[in-house]
Structure formats: structure tokens, C-alpha cells
Amino acid sequence: MNLSVQLAPRHDKGLRLANPVMTASGTFGYGTEYSHLFDIQRLGAIVCKGTTLNPRDGNPQPRLVETPSGMLNSIGLQNIGVKALIEEKAPLWAKWRVPVIVNIAGETVAEYAELANKLDGIPGISALEVNISCPNISAGGAEFGVHPESAARVTASVRAKTSLPVLVKLTPNTGEIVKVAMAVAEAGADAICLINTVRGMAIDIYTRQTLLGNRTGGLSGPAIKPVALAMVYEVAGTVEIPVVGCGGIASGSDAIEFIMAGASAVQVGSASFINPRAPMDVLEGLEQFMTREGVRDISELVGAARR
Ligand SMILES: Cc1cc2nc3c(=O)[nH]c(=O)nc-3n(C[C@H](O)[C@H](O)[C@H](O)COP(=O)(O)O)c2cc1C
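In numbering that gives the first Met the number 0, the protein residues as written are 0 to 306.
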């Protein structure tokens with residue numbers, strides 16, 4: 000059975016994964032936290048927590064709220080910063096078989112470029128995933144990923160500063176997802192990942208306060224799966240580069256739905272909070288399905304629901 004996927008066919012070195020199951024940024028730490036729970040080296044790739052130029056403490060508490068079919072978070076990119084990542088995490092990853100992809104976030108285009116520059120050529124880092132769902136101070140609090148022009152500017156600035164494959168992670172909080180996807184593909188992205196969390200809120204009716212310290216947050220988990228699936232379907236039908244599906248994936252069959260919608264690979268996010276072994280369960284479920292259905296190569300399933 001062939002599960003391997005090429006996520007960066009336009010890149011000279013490419014980004015080949017042994018299988019299409021990845022972890023989603025911010026839900027699997029730096030990978031090290033999970034290595035005693037299962038053989039994380041068997042995964043297709045690990046995407047680490049969003050990384051910024053300087054360490055960040057994140058948003059005020061509370062930052063996590065459960066909802067009927069998912070969760071709201073407003074972590075606010077709490078992370079150790081790029082210097083500590085390079086000094087403390089990358090040397091560990093360099094010994095791993097599984098590729099590690101570093102998720103980056105900035106408040107200005109220049110910050111993204113500086114991050115890309117600092118991470119270029121560091122052993123242990125196989126690719127960058129550019130999170131364009133962060134507040135853009137210079138555009139008055141919007142997210143870079145909301146508009147095609149700003150999304151393209153960030154992508155081009157990262158592309159210019161790195162020789163690594165570049166994945167760009169899109170936000171669903173835009174009415175222009177297809178235009179944004181086309182713009183980042185044009186600006187040099189090797190692959191597109193979607194979706195990040197969907198903006199949401201919860202209120203405690205007795206305290207009459209919003210439940211999250213930051214008032215609003217991002218919804219993830221099973222609730223967003225149909226939204227993510229439709230966006231993957233739309234985008235995969237439009238761009239030439241590979242698409243990575245993310246949003247509510249907790250089982251092999253969830254992953255297969257995304258692959259049939261056109262995704263070349265998938266990311267497992269919030270499911271890891273309920274079941275830390277979720278990414279491995281997804282991989283095993285995928286393998287069992289392929290065995291049962293007599294599918295020899297994962298590529299036979301990519302976009303199957305589009306034909
Ligand atoms: C607690 C938490 C932290 C997250 N942190 C990041 C992050 O740092 N960078 C990023 O691009 N996405 C981040 N995400 C978004 C996830 O990677 C993923 O896109 C989203 O949760 C949807 O997938 P899911 O429904 O499987 O969780 C975070 C999500 C959660 C729940």
C-alpha cells in the first residue's frame with residue numbers, strides 16, 4: 000500500500016511525507032510532549048506551535064471554552080519565540096525521521112520575512128507553514144488572510160527569504176477564500192492548508208460576561224468539519240498546488256472525506272485534546288479503509304468525490 004504524498008511538487012527539493020496524516024499547529028506542542036504516548040515518528044509530519052519573533056505570553060485567561068461540538072480558544076499565540084525554537088527544539092527534531100514543519104506568525108509583513116530568514120537552513124526544519132490569521136496592525140486589526148492582496152504580500156515576503164517549502168494556512172473568516180487561495184498560490188506558496196479556526200463567542204448568562212478573556216476566540220473541532228470540507232472542495236478545484244485539509248478531523252473516515260474532497264494530506268487538531276493518540280488513530284483508520292476497499296495508492300482517493 001502506498002500512502003506517501005508529495006506536498007511541494009513545485010519546489011526543487013519537494014516535501015515528501017511517508018503518509019498524509021499531520022498534526023495541526025497549536026494542538027501538538029513541539030511534538031516532544033507526545034513522544035512517550037505513541038510512536039510519533041510514524042506520522043506524515045508534525046506541525047509545531049505557532050512561532051513569533053519574540054516569546055509571547057498569549058491572551059488573558061480564560062482561554063479555552065467547551066462548546067456542544069467543539070471548543071473555542073483564544074490562546075493568542077503563546078510561544079517560546081524563534082530563538083528558543085532554533086536553539087532548543089530544532090536540534091531534537093534534526094534526529095527525527097518525521098519531518099517537522101514550523102508554523103510562523105507575525106504582526107507585520109516584515110516580521111514574517113524576518114522569521115523566514117532566521118529559520119532558513121536550520122537542520123531539523125523541513126518546511127514553513129505561514130499562519131495568515133493573525134491581527135494585522137498596519138491594516139487596522141484585520142487578518143492578513145482576509146484579503147487576497149495582503150495574503151499574497153505575506154506569502155511573497157516569506158518565499159523571498161527561504162529556500163524551504165512554504166505552506167500557507169488560510170483563515171475561513173473571509174468571504175473570499177478562493178481568491179485568497181489563488182493569490183497565495185500565485186505569490187509562491189508550495190501548498191495551501193485550510194482551515195484555521197472559525198471566529199466565535201460564548202457568554203455566561205449569570206455573570207453576564209463573555210466566557211473568554213479575549214471576548215472572541217476561534218471555534219475548532221467537529222462543529223467546523225462541514226465548513227472546512229466545503230472550503231477544501233472549493234479551493235482544491237481552483238488551485239494547482241496541493242491542499243492540506245484541517246478542521247474537525249478525528250477519525251480515518253473524517254480524513255478520507257477531506258482527501259475525497261481534494262486534499263492531498265490532512266491535519267488533526269482539537270481531537271488530540273480528547274485523545275492524544277488521535278493522529279495515529281486517523282492514520283490507522285485510513286490504512287484499514289484502504290485495505291478493506293482494495294485501494295493500493297492514496298492518490299486514487301484524492302479528489303474522488305469531485306469526479
Ligand atoms: C488550542 C489551539 C491552538 C491553536 N494554535 C494555532 C497556532 O498557533 N497556529 C495556527 O496556525 N493554528 C492554530 N490553531 C488552529 C489549528 O491548527 C486548526 O487549524 C484548527 O483548530 C482546526 O482544526 P481542528 O478542528 O482539528 O482543531 C490552534 C487551535 C487550537 C484549538
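Idealized CB from N, CA, C, for every residue including glycine.
Computed from a predicted structure; not experimentally measured.
Near ligand 1: residue i beta-carbon under 7 Å from a heavy atom
{"i": "Leu76", "result": "yes"}
{"i": "Ile194", "result": "yes"}
{"i": "Ala264", "result": "no"}
{"i": "Gly220", "result": "yes"}
{"i": "Ala201", "result": "no"}
{"i": "Val267", "result": "yes"}
{"i": "Met70", "result": "yes"}
{"i": "Lys168", "result": "yes"}
{"i": "Ser250", "result": "no"}
{"i": "Ala83", "result": "no"}
{"i": "Ala270", "result": "yes"}
{"i": "Ser24", "result": "yes"}
{"i": "Asn130", "result": "yes"}
{"i": "Lys48", "result": "yes"}
Among the options, nearest to residue i - alpha-carbon criterion
{"i": "Ala188", "options": "Glu32, Lys168, Gly80 and Asn1", "result": "Lys168"}
{"i": "Ile121", "options": "Ala83, Gly217 and Glu299", "result": "Ala83"}
{"i": "Thr170", "options": "Val231, Glu86, Ala270 and Gly212", "result": "Val231"}
{"i": "Leu48", "options": "Ile79, Asn213, Ala262 and Gln40", "result": "Here residue 48 turns out to be Lys, not Leu, going by the sequence shown. That would be Ile79, whose Cα lies nearest to the Cα of Lys48."}
{"i": "Tyr111", "options": "Ser125, Trp92, Trp95 and Pro134", "result": "Pro134"}
{"i": "Ala17", "options": "Asp11, Phe27, Leu6 and Gly25", "result": "Leu6"}
{"i": "Arg276", "options": "Ala227, Tyr33 and Asn72", "result": "Tyr33"}
{"i": "Lys12", "options": "Pro241, Arg207, Ile240 and Ser162", "result": "Ser162"}
{"i": "Ala308", "options": "Ala303, Asp119 and Ser132", "result": "The structure shown has nothing for residue 308, since the chain only spans 0 to 306."}
{"i": "Ile202", "options": "Glu299, Leu193, Thr51 and Leu63", "result": "Leu63"}
{"i": "Glu65", "options": "Phe37, Ile240, Pro221 and Thr290", "result": "Pro221"}
{"i": "Trp95", "options": "Gly123, Lys117, Glu106 and Val81", "result": "Gly123"}
{"i": "Pro225", "options": "His10, Phe257, Leu36 and Ala93", "result": "Phe257"}
Sequence-distant residues of the same chain with beta carbon closer than 7 Å to residue i, five excluded per side
{"i": "Phe1", "result": "Looking at the sequence shown, residue 1 is not Phe but Asn. The answer, listed in chain order, is Arg295, Asp296 and Ile297."}
{"i": "Val97", "result": "Ile39, Gln40, Leu42, Ala44 and Ile45"}
{"i": "Arg152", "result": "Val108"}
{"i": "Thr173", "result": "Gly144, Val145 and Val179"}
{"i": "Arg15", "result": "Ser3 and Gln5"}
{"i": "Val157", "result": "Tyr111, Ala112, Ala115, Leu127, Val129 and Val165"}
{"i": "Ala155", "result": "Ala186 and Gly187"}
{"i": "Gly261", "result": "Val231, Tyr232, Ala235, Gly236, Val242, Val301, Gly302 and Arg305"}
Proximity of residue i and residue j at Cβ, strictly below 8 Å
{"i": "Ala184", "j": "Val243", "result": "no"}
{"i": "Gly199", "j": "Thr209", "result": "no"}
{"i": "Arg305", "j": "Gly236", "result": "yes"}
{"i": "Pro19", "j": "Ser263", "result": "yes"}
{"i": "Leu91", "j": "Thr31", "result": "yes"}
{"i": "Ser24", "j": "Glu128", "result": "yes"}
{"i": "Asn72", "j": "Thr196", "result": "yes"}
{"i": "Phe27", "j": "Ser219", "result": "no"}
{"i": "Leu193", "j": "Ala227", "result": "yes"}
{"i": "Ser125", "j": "Ile100", "result": "yes"}
{"i": "Pro61", "j": "Gly217", "result": "no"}
Residue-level contact to chain D via CB, residue i, 8 Å cutoff
{"i": "Tyr205", "result": "Absent here is chain D; the protein component of the structure consists of one chain."}
Same chain only: Cβ atoms within 6 Å of residue i, ignoring 5 sequence neighbours per side
{"i": "Arg55", "result": "Leu76, Gln77 and Asn78"}
{"i": "Asn130", "result": "Gly49, Asn102, Ala104 and Lys168"}
{"i": "Glu233", "result": "Val177"}
Cut-off 8 Å between Cβ atoms - residues of its own chain near residue i, not counting five sequence neighbours on either side
{"i": "Phe288", "result": "Gly251, Ser252, Ile255 and Val294"}
{"i": "Glu87", "result": "Ile79"}
{"i": "Asn274", "result": "Ala249 and Asp280"}
Supposed close pair residue i, residue j - CB separation, criterion 8 Å
{"i": "Ser132", "j": "Glu142", "result": "5 Å"}
{"i": "Ile223", "j": "Gly69", "result": "6 Å"}
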